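K.L.:
Using the UniProt record's numbering, the letters of the sequence shown map in sequence onto residues 1 to 190.
Don't be surprised by glycine CBs; every beta carbon is placed ideally from N, CA and C.
Just so you know, these numbers come straight off a predicted model, no measurement behind them.
Right, I'll just put the structure down here and ask away after.
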Amino acid sequence: MIEIPSDLNPDLVPLAFLLGTWEGVGVSDFPGAEKCNFGQSVTFSHDGRDFVEYTSRSWVLDAEGNKVRPLESEHGYWRVDKDRKVEIVMVRDQGIVEIWYGELGQQKPQIDLVTDAVARTAASGPYSGGKRLYGYVKGDLMWVGEKATPDVPLRPYMSAHLKKIVTPEQVESWAKDLGDLPDDGIAFFK
Numbered sequence: 001m002i003e004i005p006s007d008l009n010p011d012l013v014p015l016a017f018l019l020g021t022w023e024g025v026g027v028s029d030f031p032g033a034e035k036c037n038f039g040q041s042v043t044f045s046h047d048g049r050d051f052v053e054y055t056s057r058s059w060v061l062d063a064e065g066n067k068v069r070p071l072e073s074e075h076g077y078w079r080v081d082k083d084r085k086v087e088i089v090m091v092r093d094q095g096i097v098e099i100w101y102g103e104l105g106q107q108k109p110q111i112d113l114v115t116d117a118v119a120r121t122a123a124s125g126p127y128s129g130g131k132r133l134y135g136y137v138k139g140d141l142m143w144v145g146e147k148a149t150p151d152v153p154l155r156p157y158m159s160a161h162l163k164k165i166v167t168p169e170q171v172e173s174w175a176k177d178l179g180d181l182p183d184d185g186i187a188f189f190k
């Protein structure tokens, strides 16, 4: 279920499907890097201004699904204009700053993005750009990322399937909105 918070800046309504904290697992595979399964936690939040704040942390998982070590983290700000064009400024822990542009899908909660500008510190690895696709599919958030380096042409490198995390406060609020239910709880299902 997609909720539109009453205090959400009206310009951000097309991004409302992203709001919340999402957690799940994915796969990372790129030439020259360790292939691994990873866990990920992503939060999209807002404070009433004209952007959605984005934070992502991922970690390598072992064969049993236990955290081994951090993989990567990102922080950014997402905006959308009246023509449904999305712009993002993002900083990665590897010493990379990116500007992304893209657009929302027509009649579906999907965002296609491509890098427009990349700046790297001397300590960062080779990277020349990327593409991403985010989609809201049957209540879950799925994404796939592609990247390119001077030696490797653009290719998929990470993807994940994330589920929305629900807080006890949200459950309590939803329960209050149900109205009057039969006392036994069973009659509700008849």
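Any idea what DSSP makes of F51, helix, strand or coil?
P.N.:
Translated into the one-based positions of the sequence shown, residue 51 becomes position 51. Three-state DSSP puts F51 in coil, outside helix and strand.
K.L.:
Is the beta carbon of S128 less than 8 Å from the beta carbon of P150?
P.N.:
Walking along the sequence shown from the start, residue 128 turns up at place 128. Walking along the sequence shown from the start, residue 150 turns up at place 150. Yes. Within cutoff.
K.L.:
Compute the distance between the beta-carbons of V114 and G102, then report whether it is under 8 Å.
P.N.:
For the purposes of this step, residue 114 is taken as the residue at position 114 of the sequence shown. For the purposes of this step, residue 102 is taken as the residue at position 102 of the sequence shown. Yes. Within cutoff.
K.L.:
Taking the alpha-carbon of V42 as reference, which of D112, V80, R49 and G26 has the nearest alpha-carbon?
P.N.:
Here residue 42 corresponds to residue number 42 of the sequence shown, with the count starting at 1. The shortest C-alpha separation from V42 is found at G26.
K.L.:
Which whole-angstrom value is the C-beta distance of P31 and V118, which I expect to be below 8 Å?
P.N.:
Walking along the sequence shown from the start, residue 31 turns up at place 31. Walking along the sequence shown from the start, residue 118 turns up at place 118. So it is not a contact: roughly 19 Å between Cβ atoms.
K.L.:
Mind checking G76: buried by the 16 CB within 10 Å criterion, or exposed?
P.N.:
Translated into the one-based positions of the sequence shown, residue 76 becomes position 76. It is buried - the Cβ of G76 has at least 16 other Cβ atoms within 10 Å.
K.L.:
By the DSSP assignment, the beta strand (DSSP E) with D140 in it spans what residues?
P.N.:
As a first step, residue 140 must be located in the sequence shown, where it is residue number 140. Note, D140: beta strand (DSSP E), D140 to A148.
K.L.:
Going straight from the alpha carbon of D81 to that of D50, what length do you get?
P.N.:
Counted from its first residue, the sequence shown places residue 81 at position 81. Counted from its first residue, the sequence shown places residue 50 at position 50. D81 and D50: Cα-Cα distance of roughly 10 Å.
K.L.:
Have a look at K131 and E64 and give me their C-alpha separation to the nearest angstrom.
P.N.:
What you label residue 131 is simply residue 131 of the sequence shown in a count that begins at 1. What you label residue 64 is simply residue 64 of the sequence shown in a count that begins at 1. Straight-line Cα distance between these residues: approximately 30 Å.
K.L.:
Would residue 192 and E146 qualify as a contact pair, given that the criterion is a beta-carbon distance under 8 Å?
P.N.:
The shown model of the chain, from 1 to 190, leaves out residue 192, and the question about it has no answer.
K.L.:
Which of helix, strand or coil does DSSP assign to L104?
P.N.:
For the purposes of this step, residue 104 is taken as residue 104 along the sequence shown, with counting starting at 1. L104: strand per DSSP, three-state reduction.
K.L.:
Do V52 and L15 have their C-beta atoms closer together than 8 Å?
P.N.:
Here residue 52 corresponds to residue number 52 of the sequence shown, with the count starting at 1. Here residue 15 corresponds to residue number 15 of the sequence shown, with the count starting at 1. Yes, the pair counts as a contact, with Cβ atoms nearer than the cut-off.
K.L.:
For the segment 20-105, list the beta strand (DSSP E) runs that are entirely contained and at least 3 residues long, ordered along the chain.
P.N.:
20-28, 36-45, 52-61, 67-80, 85-92 and 96-104, all fully within the segment 20-105.
K.L.:
Take the Cβ of S45 as the centre, count every other Cβ of all protein chains shown within 10 Å, and call the residue buried at 16 or more, exposed below.
P.N.:
In the sequence shown, counting from the first residue as 1, residue 45 sits at position 45. S45 comes out exposed.
K.L.:
Count the other CB atoms within 10 Å of the CB of S6; is the residue buried (16 or more) or exposed (fewer)?
P.N.:
Your numbering for residue 6 matches position 6 in the sequence shown. Exposed.
K.L.:
Use the C-beta contact count for V137: other C-beta atoms within 10 angstroms, 16 or more gives buried, fewer gives exposed.
P.N.:
Translated into the one-based positions of the sequence shown, residue 137 becomes position 137. With fewer than 16 other Cβ atoms within 10 Å, it is exposed.
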